[in-house]
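Counting in numbering that gives the first Met the number 0, the sequence shown runs from 0 upward without gaps. In what follows, a single structure is set out as structure tokens and then discussed.
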Amino acid sequence: MKVFTPIEFHKARDFSKKINDTFEFLRQNFVPLTKSVLFIAGPPVLMGSLMMGSFVGDFLNLSQDSYTNPGSSEMAEKYFLSINFWLQIILAMTFLIVSGVASISSINNYIILYGEKKSNQIEVGEVWTRVKETFWMYLGTMFFFGLLLMGAYIIMLVPIVILSSISPILVFFGVMGLIIGLFYLLFGASLTFFIRGYEKIGFIDALRRSFYLVRGKWWSTFGLIFILGMIVSMMSYLFIMPWYIATIVSSLHSVSTDTFQEPSFNWRLLTIISFTLYYLAQMVLYSIPNVGIALQYFNLVELKEAKGLMDEIQTLGNTSDYTSQREEDY
């Protein structure tokens, strides 16, 4: 039987080591981490995905009806102005936002508990206690994060408007600059959520600290999150792929017939089940980039502040055993 060896967080890692340790952490903690995420964030994501699946089914049904029966546009207008339409949207978005916050809180608190206990014997109740304490903090972080991104977008949009009055060609370069600027801000602030949970500081201080840590290591941070994000996207799309195939086949069948045929009960059921599985899988799979972000945080703290070295000096009274790599290679 393989002996459990906890991963040392406060350690400088090169790019490949961060990837390897991310999946090693997930291998060690797959069952307790997945259980924690599903038990805590599962109920709201289940409700949100059911609402979203129902909405998508109704919307595609209406779209096919409008395509095959041009005179049904009045019915479509009534649907979009109906209380049922807006209620579905509001409830779906509310449940999905709550599930997103609960998922981030569950994963980050699990990582912090793992670092404290140096063990993967972590119960759902322990994670739930931490989630209750940090839920509103993470929700506020998400809210302010969204406001700042919107503000940055509006500010960056002003030069594009000015450039459009000079030459339409310059708009292209303005849009490219806008995208690059937003990407820089997004990945520069990518450590904010984990910093707030781990260091227990305010939003502005956490945001400032994230940019400080990422400065000089932006490409490393971008590459890590991008690769792990691509892995999550490819794996999560496997759960929604059957629905895409069924939708395309259903659409081709509707176009090939002269009369509109309402989607069958089986297709509607497939839509709801597919969206439910997709969102549940996505919620669990987001553990991958979140763990990677946490390891990048500890890596950058060690490179810039040598916290692991200082702790080892205080514990052992010497630095003879300190062999961590001081510079990151990629």
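Note that beta-carbon positions come from the ideal geometry of N, C-alpha and C, so glycine has one too.
Assigned secondary structure, residue i (DSSP; H/G/I helix, E/B strand, else coil)
{"i": "residue 189", "result": "coil"}
{"i": "residue 235", "result": "helix"}
{"i": "residue 273", "result": "helix"}
{"i": "residue 3", "result": "coil"}
{"i": "residue 26", "result": "helix"}
{"i": "residue 52", "result": "helix"}
{"i": "residue 119", "result": "coil"}
{"i": "residue 172", "result": "helix"}
{"i": "residue 38", "result": "helix"}
The alpha helix (DSSP H) enclosing residue i, as first and last residue numbers
{"i": "residue 113", "result": "82-116"}
{"i": "residue 154", "result": "123-165"}
{"i": "residue 208", "result": "202-213"}
{"i": "residue 295", "result": "286-304"}
Length of the line joining the Cα atoms of residue i and residue j
{"i": "residue 86", "j": "residue 79", "result": "11 Å"}
{"i": "residue 325", "j": "residue 47", "result": "The predicted position of residue 325 is uncertain, since its pLDDT is 46 and thus under 50; a value taken from the coordinates is nonetheless stated next. When rounded, the distance between both Cα atoms is 45 Å."}
{"i": "residue 4", "j": "residue 113", "result": "12 Å"}
{"i": "residue 125", "j": "residue 226", "result": "31 Å"}
{"i": "residue 151", "j": "residue 205", "result": "18 Å"}
{"i": "residue 222", "j": "residue 83", "result": "43 Å"}
{"i": "residue 31", "j": "residue 103", "result": "15 Å"}
{"i": "residue 202", "j": "residue 146", "result": "12 Å"}
{"i": "residue 41", "j": "residue 13", "result": "34 Å"}
{"i": "residue 89", "j": "residue 109", "result": "30 Å"}
{"i": "residue 184", "j": "residue 219", "result": "15 Å"}
{"i": "residue 20", "j": "residue 169", "result": "44 Å"}
{"i": "residue 187", "j": "residue 23", "result": "26 Å"}
{"i": "residue 285", "j": "residue 231", "result": "7 Å"}
{"i": "residue 8", "j": "residue 37", "result": "25 Å"}
Any non-hydrogen atom of the ligand FMN closer than 7 Å to residue i Cβ
{"i": "residue 237", "result": "Judged by which ligands are present, the structure shown has none, so any question about the ligand FMN falls away."}
Within 8 Å, strictly: CB atoms of residue i and residue j
{"i": "residue 54", "j": "residue 91", "result": "yes"}
{"i": "residue 200", "j": "residue 296", "result": "no"}
{"i": "residue 39", "j": "residue 81", "result": "no"}
{"i": "residue 191", "j": "residue 45", "result": "no"}
{"i": "residue 198", "j": "residue 11", "result": "no"}
Can you find at least 3 beta carbon pairs, one from the region 226-239 and one from the region 279-294, that sit closer than 8 Å?
yes
Between the region 103-123 and the region 168-181, can you find at least three pairs of beta-carbon atoms closer than 8 Å?
no
For the region 13-29 and the region 137-150, state whether three or more C-beta atom pairs, one from each stretch, are separated by less than 8 Å.
no
Does the region 154-162 come close enough to the region 210-222 to have 3 or more Cβ pairs within less than 8 Å?
no
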